[in-house]
Amino acid sequence: MFKDQSNQLRILPPTEGTLEKAARLLFEGELVAIPTETVYGLAADATNDAAVAKIYSLKKRPQFNPLIIHFAEVEQIKPHVEWNEMAEKLAHTFWPGPLTLVLKKKSSSSLSLLATAGLETVGVRIPHHEVTSLLIQRAGKPLAAPSANPSEAISPTSAEDVRKGFDPETPLLIIEGGICQGGIESTIVDLTLETPTLLRPGLVLPEKIEAILHRPVQFLATVSSIKAPGQMKRHYAPDIPLRLNVTAVLPEEALLAFGPFPLRGAAKTLNLSRSGDLAEAAANLFAMMRELDTPLFSSIAVMPIPSYGIGLAINDRLGRAAIQKEETCSLASR
Ligand code: TXA
Ligand code: MG
């Protein structure tokens, strides 16, 4: 059996044999790290409370923060949620892809209460990655999967990033699925409110959602009365400080540049996109933050990123990553 052969963290190529093994592990209530088009996920059978509990414990994630449930096709989702016309339109246009829909959960749903943090709603998506689709089909179960990093840390965009995040003794199979093309987590839109509400910006832009639904989408930040579980303040955070919107760098700093004219004078510079392409910047964001996150530098200075299109999602992640540990004491109220 897998656990007897190796009780260690390991990356396996996406072969038939690996998928078979991964499906069996999921069935037995174990965790498997899976590739998606956004970031790698730490997956468990979403109908198994004990398996889902392992996700929270390995990530050290607060249990009031619900998980996104991943499916291979729409028909597999319908038994669990109140499906509606808006969901149908968005699913048709954007799935498989980097969009999560928050819908009302059916009382008859077999999804783990822990996975949904006891809420009456559930976040669902169909990821665009062949390996993971095959795995979900083979396991025959929806998969609860947050990003495969310890809570608050930078999300992983490669199998190797996942491996580095955990203790080598962790019994976790990581499926190799290449570098994540999107690079930042899915857009989350809540369809259970009177007005569709953007809970997390991502690669699917709100204006595209508005165009498909023929109605406005409101931003969570502008609706203070709505309780958003787990929209954690500090997240994606490197170990060294991050300074945003810099116009000058210190010689001991690392620079995360954007555009054709990087600032001069940093100890090391990486450019999110020389040509100023926001999709390219999103795809590079987490990997470059990781590369610069070493005690060799006093901090990471980030040049201004335009706040339109995908820039909204990039600035959302950067804003959370810049928050220092001391500032996170009142997470439960967020
Ligand atoms: O791209 C992604 O979405 C990645 C990949 C692995 O699919 N997953 C991901 O999961 O980013 P995670 O756990 O890091 O972020 C999930 C977010 C949290 O902010 C959580 O609060 C929100 O989704 N969420 C999940 N269910 C929700 C619900 N019922 N209502 C509101 N927010 C929900
Ligand atoms: Mg995450």
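Take the sequence shown: its position 11, counting from 1, is numbered -6 in the numbering used here, and each next residue is one higher.
Using N, Cα and C, we set each Cβ at its ideal position, and we do this for glycine too.
Legend entry - Beta carbon of GLY24 nearer than 9 Å to that of PRO133: For the purposes of this step, residue 24 is taken as the residue at position 41 of the sequence shown. For the purposes of this step, residue 133 is taken as the residue at position 150 of the sequence shown. Against a cut-off of 9 Å, the Cβ pair of PRO133 and GLY24 comes out as no contact.
Inset, instruction - Please confirm whether any heavy atom of the ligand TXA lies closer than 8 Å to the CB of THR153. - result: Position 170 of the sequence shown, counting from 1, holds the residue named residue 153. THR153 Cβ: outside cutoff for every heavy atom of the ligand TXA.
Legend entry - Cβ neighbours of THR19 in the same chain (closer than 7 Å, five flanking residues each side left out): Within the sequence shown, the letter at position 36 stands for residue 19. Within the same chain, THR19 has close Cβ partners PRO110, HIS112, THR115 and CYS163.
Inset, instruction - Would you list the one or two residues that DSSP bridges to LEU126? - result: Within the sequence shown, numbered from 1, the residue matching residue 126 stands at position 143. Bridge partners of LEU126: ASP28 and HIS53.
Legend entry - PRO125 versus VAL15 - alpha carbon distance: As a first step, residue 125 must be located in the sequence shown, where it is residue number 142. As a first step, residue 15 must be located in the sequence shown, where it is residue number 32. Rounded to whole angstroms, PRO125 to VAL15 spans 13 Å at the Cα level.
Inset, instruction - Please state whether DSSP places LYS147 in a helix, a strand or coil. - result: As a working mapping, residue 147 is identified with position 164 in the sequence shown. LYS147: helix per DSSP, three-state reduction.
Legend entry - Local conformation of GLN201 per DSSP, three classes: Residue numbering aside, residue 201 sits at position 218 when the sequence shown is read from its first letter. If DSSP states are grouped into helix, strand and coil, GLN201 belongs with the strands.
Legend entry - ILE162: CB within 8 Å of a non-hydrogen atom of the ligand TXA: Residue numbering aside, residue 162 sits at position 179 when the sequence shown is read from its first letter. Outside the cutoff, so no.
Legend entry - Unbroken beta strand (DSSP E) run spanning GLY106, endpoints: For the purposes of this step, residue 106 is identified with residue 123 of the sequence shown, where counting begins at 1. From DSSP, the beta strand (DSSP E) with GLY106 extends over 104 to 108.
Inset, instruction - Compute the distance between the beta-carbons of GLY185 and ALA296, then report whether it is under 9 Å. - result: Residue 185 sits at position 202 when you count from the first residue of the sequence shown. Residue 296 sits at position 313 when you count from the first residue of the sequence shown. Their beta carbons are under 9 Å apart, which means GLY185 touches ALA296 by this criterion.
Inset, instruction - Taking ILE171 as part of the alpha helix (DSSP H), name the residues at either end of that continuous run. - result: Counted from its first residue, the sequence shown places residue 171 at position 188. Note, ILE171: premise wrong, no alpha helix (DSSP H); beta strand (DSSP E) at 170 to 173.
Legend entry - Three-state class that DSSP yields for LYS216 in the structure shown: Taking the first residue of the sequence shown as 1, we reach residue 216 at position 233. Looking at LYS216 - three-state DSSP - the assignment turns out to be coil, as it is neither helix nor strand.
Inset, instruction - Would you check whether the ligand MG has a heavy atom nearer than 8 Å to the C-beta of GLU58? - result: As a position in the sequence shown, residue 58 is number 75, starting the count at 1. Because no heavy atom of the ligand MG lies under 8 Å away, the Cβ of GLU58 does not count as near it: no.
Inset, instruction - Identify which residue in ALA26, LEU275, SER90 and PRO243 has its Cα closest to the Cα of PRO224. - result: Here residue 224 corresponds to residue number 241 of the sequence shown, with the count starting at 1. Of ALA26, LEU275, SER90 and PRO243, the residue nearest in Cα terms is LEU275.
Inset, instruction - Could you work out which residue in LEU118, GLU143, TRP66 and VAL105 is closest to GLU(-1) when comparing CA atoms only? - result: Translated into the one-based positions of the sequence shown, residue -1 becomes position 16. Of LEU118, GLU143, TRP66 and VAL105, the residue nearest in Cα terms is LEU118.
Legend entry - GLU65 versus LEU86: straight-line alpha-carbon distance, rounded: Stepping through the sequence shown from its first residue, residue 65 is reached at position 82. Stepping through the sequence shown from its first residue, residue 86 is reached at position 103. Rounded to whole angstroms, GLU65 to LEU86 spans 7 Å at the Cα level.
Legend entry - Helix, strand or coil at THR230 according to DSSP, with G and I counted as helix: Start at 1 with the first residue of the sequence shown, and residue 230 comes out as number 247. Coil, per DSSP.
Legend entry - Alpha-carbon spacing of THR99 relative to ARG183, whole angstroms: On the sequence shown, residue 99 is found 116 positions in, with the first residue counted as 1. On the sequence shown, residue 183 is found 200 positions in, with the first residue counted as 1. One C-alpha to the other measures close to 17 Å.
Legend entry - Residue span of the beta strand (DSSP E) that contains ASN48, given as start and end: The count along the sequence shown starts at 1 and reaches residue 48 at position 65. Careful: ASN48 lies outside any beta strand (DSSP E) and carries neither H nor E.
Inset, instruction - For the alpha helix (DSSP H) containing ALA270, list its first residue and its last residue. - result: As a first step, residue 270 must be located in the sequence shown, where it is residue number 287. Residues 261 to 275.
Inset, instruction - Please work out which residues of its chain come closer than 7 Å, Cβ to Cβ, to LEU268, disregarding the five sequence neighbours upstream and downstream, and give them in chain order. - result: For this step, residue 268 is matched to residue 285 along the sequence shown. Answer for LEU268: GLY166, ILE167, LEU255, ILE297 and ARG300, listed in chain order.
Legend entry - Segment contact, 8 Å Cβ cut-off, at least three pairs: the stretch 64 to 80 with the stretch 173 to 183: yes
Legend entry - Backbone CA spacing between PRO199 and GLY101 [nearest angstrom]: On the sequence shown, residue 199 is found 216 positions in, with the first residue counted as 1. On the sequence shown, residue 101 is found 118 positions in, with the first residue counted as 1. Cα to Cα, the separation comes out at about 29 Å.
Inset, instruction - Return the first residue and the last residue of the alpha helix (DSSP H) that LEU301 is part of. - result: In the sequence shown, the residue the question calls residue 301 occupies position 318. Here the alpha helix (DSSP H) through LEU301 covers 294 to 304.
Inset, instruction - Taking the CB atoms as reference points, tell me whether LEU181 and LEU203 lie closer together than 9 Å. - result: What you label residue 181 is simply residue 198 of the sequence shown in a count that begins at 1. What you label residue 203 is simply residue 220 of the sequence shown in a count that begins at 1. Yes, Cβ-Cβ distance for LEU181 and LEU203 is below 9 Å.
Inset, instruction - Please go through the same chain and pick out, in chain order, the residues whose beta-carbon is closer than 8 Å to the beta-carbon of GLN330, but skip the five residues on each side of it. - result: It is not possible to answer for residue 330, since the shown part of the chain is limited to -16 through 317.
Inset, instruction - Rounded to whole angstroms, what's the CA-CA distance from ALA284 to GLY248? Just pull it up for me. - result: Residue mapping note: residue 284 aligns to position 301 of the sequence shown, counting from 1. Residue mapping note: residue 248 aligns to position 265 of the sequence shown, counting from 1. Approximately 11 Å between the Cα atoms of the pair.
Legend entry - Cβ-Cβ distance between ILE192 and THR178 below 9 Å: Looking up residue 192 in the sequence shown gives position 209. Looking up residue 178 in the sequence shown gives position 195. Cβ atoms of ILE192 and THR178: not closer than 9 Å.
Legend entry - Bridge partner(s) assigned by DSSP for THR140: Counted from its first residue, the sequence shown places residue 140 at position 157. According to DSSP, which records beta bridges pairwise, THR140 is partnered with nothing at all.
Inset, instruction - Output yes or no for whether 9 Å exceeds the beta carbon distance between LEU9 and LEU155. - result: Here residue 9 is taken as the residue at index 26 of the sequence shown, counted from 1. Here residue 155 is taken as the residue at index 172 of the sequence shown, counted from 1. Cβ distance not < 9 Å, so LEU9 and LEU155 don't count as in contact.
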